[in-house]
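Novice: Mind looking over this structure? Questions follow.
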Amino acid sequence: MKLKIPLRFYFALYYLLMMWLYHFKVKTYFYWKNIAETQDTFFDFSMSRFVIATVIFSINLYFLGKINYKKFNFVALSLFFILLTVPSLVSYTSSNMYPTKLLVYHQTLFFCLYLLPKIKISFDNIPVLNKKQTLILLFLIVSVGILPYIIVYGPHINLKNLLLLDVYKTRTTMSKLTNPYFGYTYSLFTRIVLPMLIIYALELKNKLLVIIGMFYLVLFYLFGAHKTVYLGLAAVLIFYRWTYIKTIKRVLGYSIFFILLSIVLALFAYDYLWILTFRRIHFLPALLDISYLDFFQDNYIYWSESILKKFIEYPYDLNHTNLIGKVYFKNPNVGANNGLISDGFMNFGTIGVMINIVLVSLYFMVLNNLKIPSRYFGLYLLVVFSFLSSSTFTVFLTHGAFALLLISVFILNDKKESAT
3 MKLKIPLRFY
13 FALYYLLMMW
23 LYHFKVKTYF
33 YWKNIAETQD
43 TFFDFSMSRF
53 VIATVIFSIN
63 LYFLGKINYK
73 KFNFVALSLF
83 FILLTVPSLV
93 SYTSSNMYPT
103 KLLVYHQTLF
113 FCLYLLPKIK
123 ISFDNIPVLN
133 KKQTLILLFL
143 IVSVGILPYI
153 IVYGPHINLK
163 NLLLLDVYKT
173 RTTMSKLTNP
183 YFGYTYSLFT
193 RIVLPMLIIY
203 ALELKNKLLV
213 IIGMFYLVLF
223 YLFGAHKTVY
233 LGLAAVLIFY
243 RWTYIKTIKR
253 VLGYSIFFIL
263 LSIVLALFAY
273 DYLWILTFRR
283 IHFLPALLDI
293 SYLDFFQDNY
303 IYWSESILKK
313 FIEYPYDLNH
323 TNLIGKVYFK
333 NPNVGANNGL
343 ISDGFMNFGT
353 IGVMINIVLV
363 SLYFMVLNNL
373 KIPSRYFGLY
383 LLVVFSFLSS
393 STFTVFLTHG
403 AFALLLISVF
413 ILNDKKESAT
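This is the structure in structure tokens:
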């Protein structure tokens, strides 16, 4: 008889293991020590805050359990909960360093992502392309869109990059040739259009377009020698056969396994696993939130690094990522990327945070009102990650979030199929 473990058990175990990993390992990493030194304190453990965090975690988990497992918002909010809310709650237990205001921001995000997608919007009257039409359209878009890349980057392609040779040399060369078109379309092609082209071609058994799609993907790799071009396709293929609830159970199950493995390896003085995974993906964004809130308190830049830079003067010599790297990480070459909370605060304090929260919540509200088959969820995974580590407007404009929204409405919205 197969043992059925409740989803809330996965979440609870994940929360407790993350709490252990943070307090016994993560906060001892030198990044945390450097930032604590800037405020002449340290990352402690507060029992009273642990109790508060655990109560809030239980409340969050209760509301998460109220969402229909077949709805898109269940998987989206669950991922935000795993990657952002839980690390925030765990970090909150260091009372010396983690401001309560930051916890309030993250809880506001959680409940906005829970409540706004409940608003009903009908997309039944919007025409949707069928798969054959979509496949032809995607092929035409990428075939035309790749031409400027071939013209500019083509003469500098280095086939040695296929063997992972001269990678950094190629990146340096190609970075000098970039332009706004490449900046706005590269992620769109590699994270969305090409993965969709390849998957649709596989579904329709069009071997020629599968081969062409893979060839285009390799070309995009050669245009910059960035292995991340394969992430979009990999994400779709990994999640293709999973329902939404199976996706979350698998994510939690693998996370729990790797936390336990990290703990065991750490007992033998091997820390690289948790340093490369949980420190980087889960807890570094929380640390960056602390840094951004400290530096930009009453010192906002009002989107002067965005499209408004022509109207508002940016007050620093370094861009914000290198500025935070210099002040808090002792290295101006560190790219201290910020997510939607710290990005909003940096630009306009609490008002900026609320703007970002509402924008992101409205985005997932629209997606939740569509019937998106769960097999395509991999397309959205990278967008979720981008919201956690990049400027919100950058995610919409250059990381493909807005384009994916349009594709969701006019292509992926399956009116005949429930997203199960």
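Numbering of the sequence shown is given in my numbering, commencing with residue 3 and proceeding in unit increments.
Note that the Cβ used here is the ideal one computed from N, Cα and C, for glycine as well.
By alpha-carbon positions, which one of Ala55, Tyr33, Phe45 ends up nearest to Thr17?
Specialist: Here residue 17 refers to the residue found at position 15 when the sequence shown is read from its first residue. The residue asked about is misnamed: residue 17 is Tyr in this sequence, not Thr. Ranking the options by Cα distance to Tyr17, first place goes to Ala55.
Novice: What separation, rounded to the nearest whole angstrom, lies between the Cα atoms of Asp46 and Met99?
Specialist: Position 44 of the sequence shown, counted from the first residue, corresponds to residue 46. Position 97 of the sequence shown, counted from the first residue, corresponds to residue 99. The straight-line gap from Cα to Cα measures roughly 8 Å.
Novice: Can you name the start and end residues of the alpha helix (DSSP H) that Asn205 belongs to?
Specialist: Position 203 of the sequence shown, counting from 1, holds the residue named residue 205. According to the sequence as given, residue 205 is Glu; it is not Asn. Taken as a continuous stretch (DSSP letters only), the alpha helix (DSSP H) holding Glu205 covers 196 to 205.
Novice: So, for Cys114: in the same chain, excluding its five sequence neighbours on each side, which residues have a beta-carbon less than 6 Å away from its beta-carbon?
Specialist: The residue you call residue 114 lines up with position 112 of the sequence shown. Taken in chain order, the residues that qualify are Ile359, Ser363.
Novice: Go through its chain and collect everything with a Cβ distance to Ile69's Cβ below 8 Å, but skip five positions before and after it.
Specialist: Against the sequence shown, residue 69 aligns to sequence position 67. Within the same chain, Ile69 has close Cβ partners Asn75, Phe76, Leu79, Tyr116.
Novice: Given a cut-off of 9 Å, decide if Tyr24 and Val92 are closer than it, judged by their beta-carbon atoms.
Specialist: Here the question's residue 92 lines up with position 90 in the sequence shown. Here the question's residue 24 lines up with position 22 in the sequence shown. Yes. Within cutoff.
Novice: So Ser391 is in the alpha helix (DSSP H); what residue range does that whole segment cover?
Specialist: As a first step, residue 391 is located in the sequence shown; it is residue number 389 there, counting from the start. Residues 380 to 391.
Novice: For the alpha helix (DSSP H) containing Trp22, name the first residue and the last one.
Specialist: Along the sequence shown, read from residue 1 onward, the residue named residue 22 stands at position 20. 9 to 26 is the span of the alpha helix (DSSP H), which, as asked, contains Trp22.
Novice: Answer with buried or exposed for Glu307, where buried requires no fewer than 16 other C-beta atoms within 10 angstroms of its C-beta.
Specialist: For the purposes of this step, residue 307 is identified with residue 305 of the sequence shown, where counting begins at 1. Buried: at least 16 other Cβ atoms inside 10 Å.
Novice: Determine whether the beta carbon atoms of Phe141 and Leu219 lie at a separation below 9 Å.
Specialist: Start at 1 with the first residue of the sequence shown, and residue 141 comes out as number 139. Start at 1 with the first residue of the sequence shown, and residue 219 comes out as number 217. Contact: no.
Novice: For the structure I just gave you, are there three or more beta carbon pairs, one from the region 405 to 419 and one from the region 378 to 396, closer than 8 Å?
Specialist: Yes, since at least three Cβ pairs between the region 405 to 419 and the region 378 to 396 fall closer than 8 Å, the two stretches touch.
Novice: Could you tell me which whole beta strand (DSSP E) segments of length 3 or greater appear in the region 279 to 366?
Specialist: Runs found: none.
Novice: Can you say whether Gly402 is buried or exposed, counting buried as having 16 or more other CB atoms within 10 angstroms of its CB?
Specialist: By one-based count along the sequence shown, residue 402 stands at place 400. Buried, by the Cβ-count rule.
Novice: Please work out which residues of its chain come closer than 6 Å, Cβ to Cβ, to Met21, disregarding the five sequence neighbours upstream and downstream, and give them in chain order.
Specialist: Position 19 of the sequence shown, counted from the first residue, corresponds to residue 21. Answer for Met21: Val92, listed in chain order.
Novice: Could you tell me the distance, in whole angstroms, from the CA atom of Val429 to the CA atom of Ala237?
Specialist: Outside the shown range of the chain, which is 3 to 422, sits residue 429, and nothing can be said about it.
Novice: With DSSP run on the structure shown, which of helix, strand or coil describes Met99?
Specialist: Here residue 99 is taken as the residue at index 97 of the sequence shown, counted from 1. Of the three classes helix, strand and coil, the one that applies to Met99 here is coil, per DSSP.
Novice: Sorted by chain position, which residues of the same chain lie with C-beta nearer than 7 Å to Leu390's C-beta, five sequence neighbours on each side aside?
Specialist: Locating residue 390 in the sequence shown gives position 388, counting from the first residue. So the list reads Leu85, Leu86, Pro287, Gly341, once near-sequence residues are dropped.
Novice: By DSSP, does Gly402 sit in helix, in strand, or in coil?
Specialist: Position 400 of the sequence shown, counting from 1, holds the residue named residue 402. Three-state result, Gly402: coil.
Novice: Going by DSSP in three states, Leu139 sits in which element: helix, strand or coil?
Specialist: Along the sequence shown, read from residue 1 onward, the residue named residue 139 stands at position 137. It is helical.
Novice: What residues in its chain sit with their C-beta under 7 Å from that of Ala203, if we drop five residues either side in the sequence?
Specialist: Working through the sequence shown from its first residue, we reach residue 203 at position 201. Around Ala203: Leu137, Leu211, Val212, Gly215.
Novice: Among Lys134, Val144, Ser177, which has the Cα closest to the Cα of Tyr155?
Specialist: Residue mapping note: residue 155 aligns to position 153 of the sequence shown, counting from 1. For Tyr155, the nearest C-alpha among the options comes from Ser177.
Novice: To which residues of the same chain is Met367 closer than 7 Å at the C-beta, ignoring the five residues directly before and after it?
Specialist: In the sequence shown, the residue the question calls residue 367 occupies position 365. Closer than 7 Å at the Cβ level, and outside the excluded window around Met367, lie Leu118, Pro119, Ile121.
Novice: Between the region 287 to 296 and the region 318 to 338, do three or more beta carbon pairs fall short of 8 Å?
Specialist: Enough Cβ pairs lie closer than 8 Å, so yes.
Novice: For the alpha helix (DSSP H) containing Ile153, list its first residue and its last residue.
Specialist: Against the sequence shown, residue 153 aligns to sequence position 151. Unbroken alpha helix (DSSP H) run through Ile153: 149 to 155.
Novice: Measure the beta-carbon distance from Tyr330 to Ile37 and round it to whole angstroms, keeping in mind my assumption that it falls under 8 Å.
Specialist: Position 328 of the sequence shown, counted from the first residue, corresponds to residue 330. Position 35 of the sequence shown, counted from the first residue, corresponds to residue 37. That belief holds up - the Cβ atoms of Tyr330 and Ile37 are roughly 5 Å apart, short of 8 Å.
Novice: Can you tell me the Cβ-Cβ gap for Leu289 and Tyr33, rounded? I've got them flagged as a contact below 8 Å.
Specialist: Counting from one through the sequence shown, the residue named residue 289 turns up at place 287. Counting from one through the sequence shown, the residue named residue 33 turns up at place 31. 6 Å between Cβ atoms; contact.
Novice: With the cut-off set at 9 Å, would you say Asn163 and Ala227 are in Cβ contact?
Specialist: The residue labelled residue 163 in the question sits at position 161 within the sequence shown. The residue labelled residue 227 in the question sits at position 225 within the sequence shown. Taking 9 Å as the Cβ cut-off, Asn163 and Ala227 qualify as a contacting pair.
Novice: Looking only at its own chain, which residues have a Cβ that is under 8 Å from the Cβ of Arg173, when we skip the five neighbours before and after it?
Specialist: Position 171 of the sequence shown, counting from 1, holds the residue named residue 173. These residues qualify, in order along the chain: Gly226, Ala227, His228.
Novice: For Val386, I'd like the list of residues in its chain whose CB is within less than 8 Å of its CB, leaving aside the five on either flank, ordered along the chain.
Specialist: For this step, residue 386 is matched to residue 384 along the sequence shown. Cβ neighbours of Val386 beyond the five flanking positions: Ala78, Leu81, Phe82, Leu85.
Novice: Among the residues of its own chain, which have a CB less than 7 Å from the CB of Tyr194, if the five just before and after it don't count?
Specialist: Your numbering for residue 194 matches position 192 in the sequence shown. The sequence as given places Ile at residue 194; Tyr does not occur at that position. Cβ neighbours of Ile194 beyond the five flanking positions: Gly234, Leu381, Gly402, Ala405, Leu406, Ile409.
Novice: List the whole-angstrom C-beta distance separating Asn425 from Leu372, where the pair is believed to meet the contact cut-off of C-beta under 8 Å.
Specialist: Given that the chain is displayed from residue 3 to residue 422, the structure contains no residue 425 and the question cannot be resolved.
Novice: Residues in its own chain within less than 8 Å of Tyr31 by CB, not counting five upstream and five downstream?
Specialist: Along the sequence shown, read from residue 1 onward, the residue named residue 31 stands at position 29. Closer than 8 Å at the Cβ level, and outside the excluded window around Tyr31, lie Ile277, Arg281.
Novice: Out of curiosity, what's the CA-to-CA distance linking Ser97 and Phe260?
Specialist: Taking the sequence shown and counting its residues from 1, one reaches residue 97 at position 95. Taking the sequence shown and counting its residues from 1, one reaches residue 260 at position 258. Ser97 and Phe260: Cα-Cα distance of roughly 27 Å.
Novice: Quick one: is Thr422 buried, meaning 16 or more other Cβ sit within 10 Å of its Cβ, or exposed?
Specialist: Counting from one through the sequence shown, the residue named residue 422 turns up at place 420. At Thr422 the pLDDT is 43, less than 50, meaning the model places this residue with poor confidence; the figure from the coordinates comes in the next sentence. Label assigned to Thr422: exposed.
Novice: Can you give me the C-alpha to C-alpha distance between Phe191 and Phe222, rounded to a whole angstrom?
Specialist: Residue mapping note: residue 191 aligns to position 189 of the sequence shown, counting from 1. Residue mapping note: residue 222 aligns to position 220 of the sequence shown, counting from 1. Whole-angstrom Cα-Cα distance: 9 Å.
Novice: Tell me where the alpha helix (DSSP H) around Ala227 begins and ends.
Specialist: Working through the sequence shown from its first residue, we reach residue 227 at position 225. Per DSSP, Ala227 belongs to no alpha helix (DSSP H) and is neither H nor E.
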